[in-house]
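Going left to right, the sequence shown walks through residues 408 to 562 as the working numbering numbers them.
Yeah, the Cβ is synthetic: ideal placement off N, Cα and C, and Gly gets one too.
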Amino acid sequence: MGRRKTPTSILAARGSIRAQGRKGEPDFRIEIPPCPKWVKLKLARDWYKEQAEYAAEAGIMSAPFGTALAGAAFYLQEFIQCEKGIVKQGRTNIAQSGAPYQNPLVGIRNKAWDKVLRVLVEFGYTPAARSSIKVGATKQAANSLQSFNDDEREA
Numbered sequence: 408m409g410r411r412k413t414p415t416s417i418l419a420a421r422g423s424i425r426a427q428g429r430k431g432e433p434d435f436r437i438e439i440p441p442c443p444k445w446v447k448l449k450l451a452r453d454w455y456k457e458q459a460e461y462a463a464e465a466g467i468m469s470a471p472f473g474t475a476l477a478g479a480a481f482y483l484q485e486f487i488q489c490e491k492g493i494v495k496q497g498r499t500n501i502a503q504s505g506a507p508y509q510n511p512l513v514g515i516r517n518k519a520w521d522k523v524l525r526v527l528v529e530f531g532y533t534p535a536a537r538s539s540i541k542v543g544a545t546k547q548a549a550n551s552l553q554s555f556n557d558d559e560r561e562a
């Protein structure tokens, strides 16, 4: 599969001369689409709204990208629900033979978190992804994980 092509808007934000030679990439209008109804958990819906507002201020949010962010909110919702189940049931279960095995929710939770992180990288929300991007954002991004932890403590 090879390395993916860097979008022209990212090259331009970096100040790369290669951005000038590219033509024909879609240029979407900055907008914040509503969070889809299939993201049901209030904490995940609030996270979507917060992240969509930040992305719009950074100039990277549009209707097509809302689907990707909604996917991350859905998997954040799944992560939270699995974590609640793990807290109730424990990280391990005991088989009829007496052998311990990992609670299946642990694997589901871990995969859900990987999917959230994958989308965050696409939006440049991790330090490594953001390190070479310069955009005119008016607000600094909230630490998503810290925000999640603070909300969970209050609940």
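Quiz item: Rounded to a whole number of angstroms, what is the C-alpha to C-alpha distance between residue 520 and residue 483?
Solution: Computed Cα separation, rounded: 7 Å.
Quiz item: Three or more C-beta pairs closer than 8 Å, one from the region 465-473 and one from the region 434-441: is that the case here?
Solution: yes
Quiz prompt | Cβ separation of residue 498 and residue 509, assumed to be a contact under 8 Å, to the nearest whole Å | solution = 7 Å
Quiz item: Just checking, does the region 448-465 make contact with the region 412-426 on the three C-beta pairs under 8 Å criterion?
Solution: no
Self-check item: Cβ contact check for the region 451-463 and the region 417-433: 3 or more pairs under 8 Å
Solution: no
Exercise. Indicate the three-state DSSP secondary structure (helix, strand or coil) for residue 619 in the structure shown.
Key: In the structure as shown, the chain begins at 408 and stops at 562. Residue 619 is therefore absent and cannot be evaluated.
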